[in-house]
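Residues 10 to 503, numbered by my numbering, are exactly what the sequence shown covers, in order.
So the structure is just underneath, and the comments pick up after that.
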Amino acid sequence: MRLMFVTSEAYPLAKTGGLADVSRALPAALQRQGTDVRVMMPAYPRAMVQLRDPKIVAQLDPAFGIDDGLLIAGMFPDCDLPVFMVSSTTLFGRAGGLYQDNVGNDWADNALRFAFLSKVAADLALGQTPVSWQPDVVHANDWHTGLLPLFIAQHEGPRPQTVFTTHNMAFQGNFAREQVPDLGTAAGADFEFYGKISYLKAGLRYADRVTTVSPTYAREILSPECGFGLEGVLAARGSDFSGILNGIDETIWNPATDRFLPAHYGARDTTGKHVCKRELQRELELPIAPDVPLIGFVSRLTEQKMADTLIEALPWIAARGAQLAVIGEGDHVIEAALAAASDKNPTILAATIGYDEALAHKLHAGSDILLAPARFEPCGLTQLYALRYGTLPVVRNTGGLADTVVDTNNLSLCARTASGFVFNDPTSDGMVTALSRALALYRDPLHWQLVQLQAMTREFGWDRSAGIYMELYREITGVAPGRDEKLEGDEVAA
Ligand code: ADP
Ligand code: GLC
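Now the structure itself:
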């Protein structure tokens with residue numbers, strides 16, 4: 010099976026959130042299961058400098074007026090995963106964010122940048138570049154690659170099969186017509202959305218299969234509340250749409266080996282976790298107090314993540330004698346409110362505004378509780394990292410959070426399934442009620458350790474879900490796993 014996994018970010022080459030983690034961990038897990046997998050992504054400067062063994066493999070034909078395109082092949086810096094990078098100085102060779110400039114405005118040419126990425130991916134997949142490797146399946150992710158299934162579907166003749174995964178229905182890649190280059194798509198292609206062109210809609214409509222990142226979110230986005238206007242498009246896909254739960258990369262997110270931690274530990278011996286807590290308190294200039302519960306918050310600071318509600322709950326947290334450590338960036342109003350609160354109460358709240366991979370790891374390990382609320386959450390990875398690190402998550406009952414955290418109550422304590430705290434109402438009251446249950450359990454060390462042990466020993470590696478993706482690829486292509494040749498009589502054709 011040959012698979013091309015196309016994405017706008019992949020850890021550690023370029024990351025703004027969970028998509029990057031998935032775009033490395035899932036291909037790596039598929040590779041372990043015998044798939045010949047290549048990742049494709051833009052050649053951002055930060056990604057290019059990390060690429061191992063880079064080679065120019067093609068000078069790309071001009072497309073949409075872009076004539077400086079190169080295709081570069083190389084390897085991830087820290088694992089044997091091959092990657093194609095789409096290089097264009099015009100589109101990707103700039104300082105600033107992946108999708109936004111330094112002040113947080115979307116790049117004005119995002120429609121062109123990601124149309125180009127999709128075009129190059131489609132050309133490679135269809136054998137229209139000098140690269141001889143061609144995939145059986147093209148797996149596209151999020152709106153940035155939404156045009157890719159469309160370009161492939163419109164190709165006449167044999168073509169690979171396509172899977173499109175939506176990691177978040179709130180990010181749709183909707184552009185005014187004049188921002189979008191002439192895509193050359195056949196008449197009749199429908200991916201308009203309220204007068205705009207929607208790259209997400211194109212992916213959802215034209216991929217052979219559509220997935221999202223948890224079973225509960227798959228159900229939720231069929232409703233107007235969570236589907237953001239595209240619920241009808243999804244419903245029309247019927248059984249071609251499904252939810253497959255994300256996993257975690259257990260080589261990167263493992264408290265026994267994590268290279269960012271000052272001490273290591275595991276489920277059997279959590280002594281190192283106390284050292285991680287002490288060092289985190291020291292680094293963040295919080296009082297070093299082993300018995301004071303430390304609540305961590307590692308997140309984009311947005312309404313999706315209820316970061317606004319966290320601000321409302323700050324006085325409650327302060328009055329409970331807990332410490333709160335935040336690392337995040339996003340909404341400037343929320344950033345400013347957190348920074349001000351942290352200046353005012355430095356012994357209670359340490360807010361680090363910005364993006365810091367090392368601190369995120371240290372926070373997952375050094376905190377006692379991870380607060381991960383959300384108005385909606387397609388999957389969420391931080392609660393999974395927290396479980397593995399024995400940091401009990403407090404989450405809202407939505408999407409992947411609901412699928413991965415078992416609320417602590419008498420029943421789940423007896424059944425030995427409890428792993429965190431779950432609340433329903435997306436309000437400050439809902440959140441603090443669950444937090445107060447977490448703080449009460451913290452004061453009961455025996456039960457705390459029991460739940461911690463249960464959390465740390467839950468299975469959240471990628472192998473199971475990678476197996477489900479393999480099944481899906483196999484179903485649509487008829488290509489056997491781990492083999493390069495096709496099954497007799499099977500054609501990789503539309
Ligand atoms: P989302 O992708 O919606 O932001 P996820 O929980 O799926 O949420 O993934 C978030 C990822 O980004 C995790 O790896 C988390 O550790 C990381 N992360 C979020 N905010 C920061 C930050 N400010 N600094 C470092 N890592 C962060
Ligand atoms: C998105 C979602 C998040 C998910 C991640 C990886 O960013 O918001 O819930 O975990 O993608 O799939």
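C-beta: ideal position from N, C-alpha, C; glycine also.
Because the structure is a prediction, the values reported are computed rather than measured.
For residue i, which residues in the same chain have their Cβ closer than 7 Å to its Cβ, ignoring the five residues on either side in sequence?
i      : result
Ala464 : Leu396, Gly399, Leu401, Ser428, Gly429
Ile343 : Leu310, Ala316, Asp317, Ile320
Leu507 : Given a span of 10 to 503 for the chain in the structure shown, any question on residue 507 remains unanswerable.
Ala503 : The pLDDT assigned to Ala503 is 26, lower than 50, so where the model puts this residue is not dependable; a value taken from the coordinates is nonetheless given after this. So the qualifying residues of the chain are Arg168.
Ala475 : Leu35, Ala38, Leu39, Gln42
Gly105 : Asn111
Can the beta-carbon of residue i be found closer than 9 Å to that of residue j?
i      : j      : result
Gln181 : Ser223 : no
Met102 : Pro54  : In the sequence on display, residue 102 carries Gly and not Met. Contact flag set, yes.
Thr138 : Ala29  : no
Phe173 : Val140 : no
Pro86  : Arg61  : yes
Asn255 : Leu380 : no
Thr221 : Pro387 : yes
Lys24  : Glu366 : yes
Leu133 : Met13  : yes
Leu295 : Ile378 : no
Lys205 : Gly155 : no
Val431 : Trp325 : no
Gln458 : Phe385 : no
Ile161 : Ala131 : yes
Trp262 : His148 : no
Leu358 : Ala322 : no
Asn213 : Thr175 : A small correction: the amino acid at residue 213 is Leu; Asn does not occupy that position in the sequence shown. Yes; because the gap between Cβ atoms is below 9 Å, this pair is in contact.
Suppose the cutoff is 6 Å on Cβ atoms and the five residues either side in sequence are ignored; what does the same chain contact list for residue i look like?
i      : result
Ala411 : Thr225
Ile477 : Ile253
Thr16  : Ser32, Met50, Asn150
Asp453 : none
Phe250 : Val219, Leu243
Thr426 : Val415
Ser2   : There is no way to answer for residue 2, as the model of the chain reaches only from 10 to 503.
Asp217 : Gln170, Thr171, Ile485
Phe306 : Val335, Leu380
Asp499 : Confidence in Asp499 is poor, its pLDDT being 37 and thus under 50, which makes the residue's placement unreliable; the coordinate value appears in the next sentence. Cβ within range, chain order: Gly487.
Gln143 : Gly136
Leu390 : Gly27, Asp30
Residue i and residue j look like a contact to me (Cβ under 8 Å); what is the Cβ gap, rounded to whole Å?
i      : j      : result
Thr99  : Asp77  : 6 Å
Val95  : Met84  : So it is not a contact: roughly 16 Å between Cβ atoms.
Leu90  : Pro21  : Incorrect: roughly 11 Å between the Cβ atoms, too far for contact.
His370 : Leu270 : 6 Å
Ala198 : Leu159 : 6 Å
Ala52  : Ile81  : 6 Å
Val403 : Ala443 : 5 Å
Given residue i, which residues of its chain have a CB within under 8 Å of its CB, disregarding the five upstream and five downstream residues?
i      : result
Met479 : Met10, Leu39, Gln42, Thr44, Pro490
Asp472 : Ala38, Arg41, Gln42, Gly256
Gln1   : No answer is possible for residue 1: it lies beyond the span of the chain, which begins at 10 and ends at 503.
- Message: With three or more C-beta pairs closer than 8 Å as the rule, is the region 178-193 touching the region 54-65?
- Response: no
- Would you mind listing the alpha helix (DSSP H) stretches within the region 343-388 that are 4+ residues and don't spill past its ends, in chain order? 366-375
- Task: Check whether the region 412-421 touches the region 276-289, counting contact only when three or more Cβ pairs, one atom from each stretch, lie closer than 8 Å.
- Result: no
- List in chain order: all unbroken beta strand (DSSP E) runs of 3+ residues lying wholly within the region 164-225. 170-175, 205-207, 218-221
- Within the region 411-451, note down every full alpha helix (DSSP H) run reaching 4 residues or more, in order along the chain. 419-423, 437-451
- Which residue spans inside the region 226-270 form an unbroken beta strand (DSSP E) run of at least 3? 250-252
- Message: Suppose only complete runs of 3+ residues qualify. What are the beta strand (DSSP E) ranges in the region 17-76, listed by chain order?
- Response: 45-51, 61-68
- Message: When you compare the region 298-307 with the region 328-345, are there three or more beta-carbon pairs, one atom per stretch, that lie closer than 8 Å?
- Response: yes
- Please list the segments of the alpha helix (DSSP H) lying wholly inside the region 301-344, counting only runs of 4 or more residues, in order along the chain. 316-328
- Identify every run of the beta strand (DSSP E) within the region 65-129, keeping only runs that are complete inside it and at least 3 residues long; order them along the chain. 79-84, 91-96
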